[in-house]
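Residue numbers are given in my numbering: position 156 of the sequence shown equals residue 313, and the series is strictly consecutive.
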Amino acid sequence: MSAAPLLGCAVDATALEQDAEYRALIASRFSVVTAENAMKFEPLRPDRETFAFAAADRLMAFAESAGLRVRGHTLVWHNQLADWVSAAPAAERRAIMADHIQAVVSRYRGRVWHWDVVNEPLDDDGEPRTSPWFEAMGIDYIAEAFRLAHEADPGATLYLNDYNVEDVCAKSDAYYELVRELIADGVPIHGFGVQGHRIVGDPPSSLRRNLSRFAALGLEVALTEVDIRIPQPPTPESLAAQADDYRGLLDAAAAVPECAAVVLWGLSDRYSWIPATFAGFGSAHVLDDDLREKPAYAAVFGSVTR
Ligand code: G3I
158 MSAAPLLGCA
168 VDATALEQDA
178 EYRALIASRF
188 SVVTAENAMK
198 FEPLRPDRET
208 FAFAAADRLM
218 AFAESAGLRV
228 RGHTLVWHNQ
238 LADWVSAAPA
248 AERRAIMADH
258 IQAVVSRYRG
268 RVWHWDVVNE
278 PLDDDGEPRT
288 SPWFEAMGID
298 YIAEAFRLAH
308 EADPGATLYL
318 NDYNVEDVCA
328 KSDAYYELVR
338 ELIADGVPIH
348 GFGVQGHRIV
358 GDPPSSLRRN
368 LSRFAALGLE
378 VALTEVDIRI
388 PQPPTPESLA
398 AQADDYRGLL
408 DAAAAVPECA
418 AVVLWGLSDR
428 YSWIPATFAG
438 FGSAHVLDDD
448 LREKPAYAAV
458 FGSVTR
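Below, the structure is given as structure tokens:
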């Protein structure tokens with residue numbers, strides 16, 4: 158693994174198609190892109206018989222034309238899951254999951270760098286999260302999803318991904334044990350993704366140590382969804398603190414040779430998921446609503462060399 162993680166960004170499919178300035182910035186500033194939503198189960202699967210690949214195909218075409226690697230996000234998750242999955246008999250959900258993984262991963266075989274195979278399968282207390290997948294198959298759905306993805310694209314690097322696991326804590330401890338068991342069982346898991354959704358002024362205190370312990374299991378790691386939200390309205394002081402926090406995350410990642418990538422979960426406040434999710438917060442990204450550089454931009458682009 159190279160010493161410097163690749164820098165990436167999650168992309169809004171609509172903005173990519175309608176905002177030429179945004180599109181040019183993504184193509185020129187990053188080495189990796191993740192579809193913020195276009196490759197998730199719900200957008201892809203309006204019904205059990207249909208795969209709506211158009212938006213995902215357009216994103217893949219953009220990435221390949223710009224020479225960008227693609228992180229596939231995400232195959233198996235409890236959220237943004239089509240209602241017809243929960244409505245299906247539990248006994249049919251294993252086949253639904255298998256059909257989905259095989260169709261989506263094989264469509265982009267050899268073209269997707271990483272897949273977030275399973276996203277957020279544990280609660281913050283480290284216990285398995287209830288989901289239509291867990292209800293139907295128990296915790297073994299995780300191993301099965303990885304095996305199916307590997308069979309569909311043996312060349313893809315397969316990740317387990319979650320939030321609130323930046324530090325050494327009960328949740329990341331549970332993942333550490335889960336990953337050890339998966340590896341011991343011969344499950345083709347290759348990476349652990351730490352999302353990195355943070356609040357300004359609350360940087361992780363053990364990120365490097367935490368990433369390093371997963372690397373010591375033989376995995377690569379990545380910061381997969383970095384954003385740092387600020388109480389509104391932002392001030393010069395909170396924007397400066399945000400830059401410091403971004404720099405701290407990037408520096409910790411760059412200190413771990415097995416860290417493959419640092420992916421920002423959005424380029425600009427103009428297209429941010431934060432305000433609709435966290436009332437009173439915003440300004441989480443490196444460019445403002447007018448796509449102008451914020452102090453965090455220099456912190457990010459001054460820290461990562463590739
Ligand atoms: O596509 C529909 C559109 O047809 C409809 O008109 C509109 C209004 O209802 O909703 C649109 O769907 C929205 C979707 O984003 C696409 O824009 C959903 O309502 C909205 O909930 C969804 O939010 C996404 C969120 O995941 C869902 O949990 C965010 O954009 C996305 O940034 C966020 O990303 C997740 C990662 O995938 C996993 N880690 C956590 C991260 C933040 O929640």
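Every residue gets a Cβ at the ideal spot worked out from N, C-alpha and C, and that includes glycine.
Close CB contacts of Y454 within its chain, under the 7 Å cut and outside five residues either way in sequence, are with V443, L444 (chain order). DSSP places L232 in the strand class (E or B) of the three-state scheme. Inclusion of Q352 in the 7 Å shell around the ligand G3I follows from its C-beta lying nearer than that to a non-hydrogen atom of the ligand. Around the Cβ of E221, a 10 Å sphere holds fewer than 16 other Cβ atoms; the residue is exposed. When rounded, the separation of the alpha-carbon atoms in R266 and P391 is 43 Å.
In summary, D446 is exposed, with fewer than 16 beta-carbon neighbours lying within 10 Å of its beta-carbon over all protein chains present. The C-alpha of S288 lies about 12 Å from the C-alpha of Q237. Burial check for T434: the Cβ neighbour count within 10 Å stays below 16, so the residue is exposed. The residue from D176, F438, V275, D342 with its alpha-carbon nearest to that of Q389 is F438. Just so you know, the alpha carbons of S185 and L424 end up roughly 12 Å apart. Annotated three-state conformation of S425 is strand, per DSSP. A distance of 8 Å or more separates the beta carbons of Y332 and D342.
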